[in-house]
Amino acid sequence: MSENQNLLAEQRRTLILDEVRRRGGVRVNELTRQLGVSDMTVRRDLDALARQGVLEKVHGGAVPVVDASTHEPGFEAKSGLELSAKEDIARAAAALAAPGSAIALSGGTTTYALAQHLLDVPDLTVVTNSVRVADVFHTAQRSAGSRPGAATVVLTGGVRTPSDSLVGPVADQAIAALHFDVLFLGVHGISPRAGLSTPNLAEAETNRRLVQSARRVVVVADHTKWGTVGLSSFASLDQVDTLVTDRGLAPEARAEVSEHMRLVVAGEPESGTDI
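At position 125 of the sequence shown the residue is numbered 125 (UniProt numbering), and the sequence of numbers has no breaks.
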């Protein structure tokens, strides 16, 4: 990390978290030198990251939190992480939605960010099992009133998860009867060994149905999802057409991804090809 007095708190905390994960732990005095900020600022950043559950404070520093494969953070806890990366990913992914197409959006904070960028794409039919995603479209339509080109939104039924997704037999049955041009899919984890995974068994089955009903599958995931494995896998890497991610994805991971799918790194020229 290079020293920078002018880093915003969010950027600084992202750098701290990346350093903790990369090195397996850091000391406060190391971070003050690397970031060029005060001891008190670093400690406040560590407190904030610890409250989000992404690292653990120890005497003199911090270490990563190793989540159980069944741990599922709530929507609010995840919404504060990797904000800039999610915004960049959402902007890049929105360009893949063609006017007049039928798309599906799964639950998650990255698809929630994406939904806000899709409001300007005309004549979409949007199927989602995310209460939060549906609210984005409904709120926009209430504010603007009836307007030409507004999206038609279908919210599946089901049982609500900590991520505010609707899952279970009701959702599965509704999704199985539909066909989408593109599925935009948020994930808990993505890895060569486990493919796409989630800690929630019911959500895994619903995501499996979403993948089966889509002509193309676009995964939207920031770099911290790479290498994470949840309890239940629901798709292999070869079932994904495109991964839209951020610049933090390591070169080795980029090479691995490009063997299976098209890779879109937000803010960079494309690497890889359509499969």
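In this text, a Cβ means the ideal position worked out from N, Cα and C, and glycines have one as well. Note that the structure is a prediction, hence the values are computed from the model and not measured.
Item: Backbone secondary structure at E56 - three-state DSSP; Value: strand
Item: Sequence-distant residues of the same chain with beta carbon closer than 6 Å to A68, five excluded per side; Value: With a pLDDT of 46 at A68, under the threshold of 50, the modelled position of that residue is not reliable, and no figure is offered here.
Item: 6 Å Cβ shell around L119 - same chain, five flanking residues per side excluded; Value: A140
Item: Neighbourhood of A134 by C-beta distance below 6 Å, restricted to the same chain and skipping five residues each side; Value: T128, V153, L155
Item: Classification of P199 by the beta-carbon crowding that lies within 10 angstroms, buried from 16 upward; Value: buried
Item: Sub-8 Å separation of L201 and V219 beta-carbons; Value: no
Item: For V211: DSSP bridge partner residues; Value: Beta-bridge pairing links V211 to no other residue.
Item: C-beta atoms of V211 and Q239 nearer than 8 Å; Value: yes
Item: Where V257 sits in the DSSP three-state scheme; Value: helix
Item: Distance between V229 and R22 (C-alpha atoms, nearest Å); Value: 17 Å
Item: Minimum C-alpha distance to A50 - residue among A150, L166, L17, N207; Value: L17
Item: Residues sharing a beta bridge with I89, DSSP; Value: None; I89 has no bridge partner.
Item: Contact under 8 Å by Cβ, R209 with A176; Value: yes
Item: 8 Å contact criterion, which K225 and V182 should meet: CB distance rounded; Value: Contact doesn't hold; Cβ gap of about 20 Å is too wide.
Item: Beta-carbon spacing of S258, G227 below 8 Å; Value: no
Item: Where D181 falls: helix, strand or coil (DSSP); Value: strand
Item: Residue closest to V131, alpha-carbon to alpha-carbon, out of G248, V58, G53, G107; Value: G107
Item: Buried versus exposed, by CB contacts within 10 Å (16 or more), R147; Value: exposed
Item: Contacts around A194, its chain only, beta-carbon distance under 7 Å, and the 5 residues preceding and following it disregarded; Value: V229, S233
Item: Supposed contact pair A90 and T110 - C-beta distance, whole angstroms, cut 8 Å; Value: 7 Å
Item: Contained beta strand (DSSP E) runs [length at least 3] in the stretch 134-195, N- to C-terminal order; Value: 152-155, 180-186, 189-191
Item: For G189 and L231, the rounded distance between their alpha carbons; Value: 10 Å
Item: DSSP state of R247 mapped onto helix, strand, coil; Value: coil
Item: Delimiting residues of the beta strand (DSSP E) encompassing L105; Value: 102-105
Item: C-alpha gap between E76 and E30, whole angstroms; Value: Note that E76 scores 47 on pLDDT, short of 50, meaning its location in the model is unreliable; the coordinates nonetheless yield the value given after this. Roughly 30 Å separates the two Cα atoms.
Item: T128: first and last residue of the uninterrupted beta strand (DSSP E) it sits in; Value: 125-128
Item: Cβ neighbour criterion (16 or more within 10 Å) applied to R262; Value: buried
Item: Backbone secondary structure at A221 - three-state DSSP; Value: coil
Item: Reduced DSSP secondary structure (H/G/I, E/B, other) of A50; Value: helix
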